[in-house]
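In the working numbering, the protein residues as written are 2 to 534.
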């Protein structure tokens, strides 16, 4: 039996006793035996029937109540599992290197013991790795039977997500229901994007979000740490550009270590060639100027080789600091390309474009070359490459490298193209739709704070721009989504207010990227569950 979605209410499993009815002869007068020789037939006394021991019967189980909801639950009858004083989380010696961290985390959360053992006993929770190709990446099976729990998956992330389901089931129902959960995410990228450049977020606050994300089965934290207002991570190659306050490299190492323990990739972003005001304050010689000599806010002169040299030094410095498998190159809102005639306004850029790409080249080609050159610096690390959608241009004599993922945020910017253009080119796209997924502090420029309800009821990963979904045939090209916090008006909210404001939107996002089918629960039911968790 399959159960999809979240049950409409928490059900207490009531135990009923099957008690046999009383016999008329039991505990009452028994007929006397016929005396031998009395002339009556001799009676043969039957062996007494034993009184049955009352046995428990259980209702058919229902799916555990979790956020996001599990995709499939095979119901069964039984008592389920709940933490007991002598219960343990166990991993076999062969899996100990991979799963001990997950096991110890769960043991601490549920106040259980921990053991490295090939055998489990009643009450235990066993974690196990299956064969490498035994399921989809990040999938898991959680089986509750005979008073035990077994969580298995083809990779460590899947097993970890199984522990999150068990943790939430105990939190919402006091126990894990009998039966088997089979679960896997619909999208491989699921997360939060955080602007720490314009607003300083403390390491403790960031770490709290990582713990929250882990429980929601989210797996990416984007860190936008360089912008016009500030540059927020310690630099050894260019300490002159670093703002106060900022994250030290030790802070970043703690953040990435915690993220890794929750199977979250931290994706750093040094946005370029725009949004570099903090760098330009220390290097005004790299400032882009128009034909009249007027400085262009936040933009470096990409015809100046020294601009590329400085950014590439930063890219190389930070690569070891972020061991995760992705890197964001930025590329949005380069102000040289938002004017009516970039070639006339920026003749030095037009000249450099023609020198590099030929007589027909334009400023947009030089910007594309800049993006590709930065990608070439990062690509040898094996990290997946990302850039904002308005850094990919229509036409031109050169094109952005095909392996750069399109982070689609808007169709409102000058030159921004509709999502279908990227999808028809065969590009991979990540959804950061500014209509639903942009939490912009102070709500400037007609932005409004996103609500969990709108995301839950209206949005899907296919809704890349505005409120209209792209055709489902492009679904495999849409890798997932992130909720984005932007600090345009940094003082509009405190850290605590931001955390509270994004809680339900983040929970709703987690539901829609884990299972992109229509939810079974109403928003009110989902919200009540999220509030409890």
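All C-beta atoms in this analysis are idealised placements derived from N, C-alpha and C, irrespective of residue type, glycine included. Quick caveat, the model's predicted, so the values are computed rather than measured.
Beta-carbon proximity list for residue i, same chain, < 7 Å, skipping 5 on both sides
| i | result |
| --- | --- |
| residue 8 | The predicted position of residue 8 is uncertain, since its pLDDT is 38 and thus under 50; a value taken from the coordinates is nonetheless stated next. Once the five neighbours on either side are set aside, the close Cβ partners of residue 8 are 63, 64, 66. |
| residue 419 | 412, 466 |
| residue 369 | 394, 397, 399, 400, 401 |
| residue 243 | 232, 235, 236 |
| residue 89 | 113, 114, 115, 116, 125 |
| residue 269 | 224, 226, 319, 323, 328, 329 |
| residue 23 | With a pLDDT of 33 at residue 23, under the threshold of 50, the predicted position of this residue should be treated as unreliable, though the coordinate-derived value follows. No residues qualify anywhere along the chain. |
| residue 374 | 309 |
| residue 253 | 234, 322 |
| residue 175 | 83 |
| residue 134 | 155 |
Residue i (DSSP reduced to helix, strand or coil)
| i | result |
| --- | --- |
| residue 343 | helix |
| residue 511 | helix |
| residue 36 | Low local confidence applies: a pLDDT of 39 at residue 36 is under 50, so the model's placement there is unreliable, and no value is given. |
| residue 409 | strand |
| residue 279 | helix |
| residue 426 | coil |
| residue 217 | coil |
| residue 243 | coil |
| residue 66 | coil |
| residue 234 | strand |
| residue 440 | strand |
| residue 518 | coil |
| residue 191 | strand |
| residue 323 | coil |
| residue 105 | helix |
| residue 306 | helix |
| residue 504 | helix |
| residue 136 | coil |
| residue 544 | Here the chain covers residues 2 to 534 and nothing more, so residue 544 does not appear. |
Limits of the beta strand (DSSP E) - the one that residue i falls within
| i | result |
| --- | --- |
| residue 203 | Premise fails: residue 203 is in no beta strand (DSSP E) and is neither H nor E. |
| residue 337 | First-last for residue 337: undefined, no H or E at that position. |
| residue 146 | 141 to 146 |
| residue 299 | 296 to 301 |
| residue 354 | Per DSSP, residue 354 belongs to no beta strand (DSSP E); it is in the alpha helix (DSSP H), 348 to 358. |
| residue 288 | 288 to 290 |
Buried versus exposed call for residue i [16 or more other C-beta atoms within 10 Å across all chains shown]
| i | result |
| --- | --- |
| residue 446 | exposed |
| residue 188 | buried |
| residue 345 | exposed |
| residue 165 | buried |
| residue 32 | In this prediction, residue 32 scores a pLDDT of 38, lower than 50, which makes its location untrustworthy; no coordinate-derived value is stated. |
| residue 153 | buried |
| residue 266 | buried |
| residue 341 | exposed |
| residue 498 | exposed |
| residue 468 | exposed |
| residue 531 | buried |
| residue 525 | exposed |
Same chain, Cβ closer than 6 Å to residue i, neighbours up to 5 away in sequence not counted
| i | result |
| --- | --- |
| residue 1 | The structure shown does not extend to residue 1, since the chain spans only 2 to 534, so no value can be given for it. |
| residue 361 | 398 |
| residue 277 | 299, 301 |
| residue 139 | 158, 159, 186 |
| residue 93 | 119 |
| residue 371 | 274, 303 |
| residue 142 | 153, 183 |
| residue 246 | 201 |
| residue 387 | 329, 406, 408 |
Residues near residue i in its chain [Cβ-Cβ closer than 8 Å; skip 5 each side]
| i | result |
| --- | --- |
| residue 461 | 470, 513, 517 |
| residue 304 | 349, 350, 352, 353, 367 |
| residue 172 | 533, 534 |
| residue 211 | 222, 256, 259, 260, 263, 265 |
Terminal residues of the alpha helix (DSSP H) in which residue i lies
| i | result |
| --- | --- |
| residue 227 | No alpha helix (DSSP H) holds residue 227; the beta strand (DSSP E) holding it covers 221 to 227. |
| residue 253 | 250 to 262 |
| residue 370 | 364 to 379 |
| residue 453 | 453 to 459 |
| residue 525 | 524 to 533 |
Sheet register partners of residue i (DSSP bridge)
| i | result |
| --- | --- |
| residue 196 | 225 |
| residue 329 | 270, 387 |
| residue 446 | Answer by DSSP bridge pairing: none, since residue 446 is not bridged. |
| residue 82 | 177 |
| residue 432 | 409, 482 |
| residue 151 | 127, 144 |
| residue 394 | For residue 394, which the question treats as bridged, DSSP gives no partner whatsoever. |
| residue 469 | 466 |
| residue 115 | 90 |
| residue 487 | 441 |
Residue-chain proximity (residue i, chain D), Cβ-Cβ < 8 Å
| i | result |
| --- | --- |
| residue 64 | Reference to chain D is not applicable here, since this structure consists of a single protein chain. |
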